[in-house]
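Quick notes on the structure that follows.
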Amino acid sequence: MCCLRYLAIYFSVLHMRYCSVIATDEMLALPKSPFIIIGFSEALGVVSGMYSGDIFGMAAGFLYSPLGEKLVYEQTCWMLSSSFWRGIGSCKESVLLDATPRLKGKLLDIFVVNSFGSGFQALFVLLFLPLLSNLKGIPLTELPSYLKSGAACFFNVGTNTTGCDGAPILSLLYIIVNIVFNISVLNLLKYSSAIVSSLAVMSSVPISIYILSLPLSYLPEGAILSPYFVLGSVILMVGLVLYNISWPLKQD
4 MCCLRYLAIY FSVLHMRYCS VIATDEMLAL PKSPFIIIGF SEALGVVSGM
54 YSGDIFGMAA GFLYSPLGEK LVYEQTCWML SSSFWRGIGS CKESVLLDAT
104 PRLKGKLLDI FVVNSFGSGF QALFVLLFLP LLSNLKGIPL TELPSYLKSG
154 AACFFNVGTN TTGCDGAPIL SLLYIIVNIV FNISVLNLLK YSSAIVSSLA
204 VMSSVPISIY ILSLPLSYLP EGAILSPYFV LGSVILMVGL VLYNISWPLK
254 QD
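With the working numbering applied, the sequence shown covers 4 to 255.
Shown next as structure tokens:
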């Protein structure tokens, strides 16, 4: 459902930019094979991320229990999911660089990349629906009713809306923040490199987890973060700062 919402928003913005001659016919006529690869990789990232999330949920507390094999398996799935997203950044960087000579020096509009990438992602996610429903333990025959109840929860309509507190305001806020974040990351990629944008994305993870650990509204209660998480987050942020400090020196 989220993929379809993003798809509608991205293509609506792309249409407005096309009418404003920001996105040109030459941009829309670029080969679609790189966007197919981007969409397929994003769909695989969604599937592997959901699978590793399910395993993590089952293995909660594994640090203090004899579930070492589950831990290794979950970490492997999560690393695989992360590798897809990192590869997507490199692929998008390649698309932006390869498009410049085709467009005679003009920079490719980022909404062309986001729109077509999200379009193929939505297509592959739909093809993966039987697998995704199996991961969630939902029989394929019950999938339509599950999607219907999900839409009802998103808009907070109907009688069975337990656990949908804050919808649709929070749901729309999540989509808006996510879209702004995706556009910002792609814009950063456009003017820097895949490494910088990847580090920026990775830095957002501990920041988001820290915010969600606070006793905020609509969250059941705050959480105490592990010292290992704090240490890892500090190392990640220090690495990001050091890389950005050394970036101007490399350019010189």
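C-beta atoms are modelled at their ideal positions from N, C-alpha and C, and glycine is treated no differently.
Because the structure is a prediction, the values reported are computed rather than measured.
- Contact between L135 and M53 holds: CB atoms are separated by about 7 Å, below the 8 Å threshold.
- If you draw a straight line from the Cα of S187 to the Cα of A102, it comes to about 20 Å.
- Per DSSP, V160 lies in no alpha helix (DSSP H) and is assigned neither H nor E.
- Within the same chain, and ignoring the five residues on either side of P209 in sequence, the residues whose Cβ sits closer than 6 Å to its Cβ are S236.
- When the Cα atoms are used, I12 and N181 turn out to be separated by approximately 12 Å.
- One thing to note: I91 has its Cβ within 8 Å of the Cβ of I41.
- About 6 Å separates the beta carbons of V49 and V128, which is inside the 8 Å limit, making them a contact pair.
- Approximately 5 Å separates the beta-carbon atoms of Q124 and A46; this is inside 8 Å, confirming the contact.
- Sequence-distant partners of S216 (beyond 5 residues in either direction) whose C-beta falls short of 8 Å from its own C-beta, in its chain, are G225, A226, I227, L228.
- Residue nearest to S121 within the set F232, L7, I248 is L7 (criterion: CA-CA distance).
- DSSP, read as helix, strand or coil, puts L134 in helix.
- Assignment of P142 by DSSP, reduced to helix, strand and coil, places it in the coil class.
- Rounded to whole angstroms, A154 and N247 show a C-alpha spacing of 42 Å.
- In chain order, F119 place their CB closer than 7 Å to the CB of K35, counting only its own chain and leaving out the 5 sequence neighbours on each side.
- Positions of the beta strand (DSSP E) runs, each at least 3 residues long and wholly inside the stretch 157-231, cannot be given because no such run exists.
- Excluding sequence positions up to five before and after M30, its CB lies within less than 7 Å of the CB of L106, L111, D112, V115, all in the same chain and listed in chain order.
- Sequence-distant Cβ neighbours of F232 in its own chain, meaning closer than 8 Å and more than five residues away, are P209, I212.
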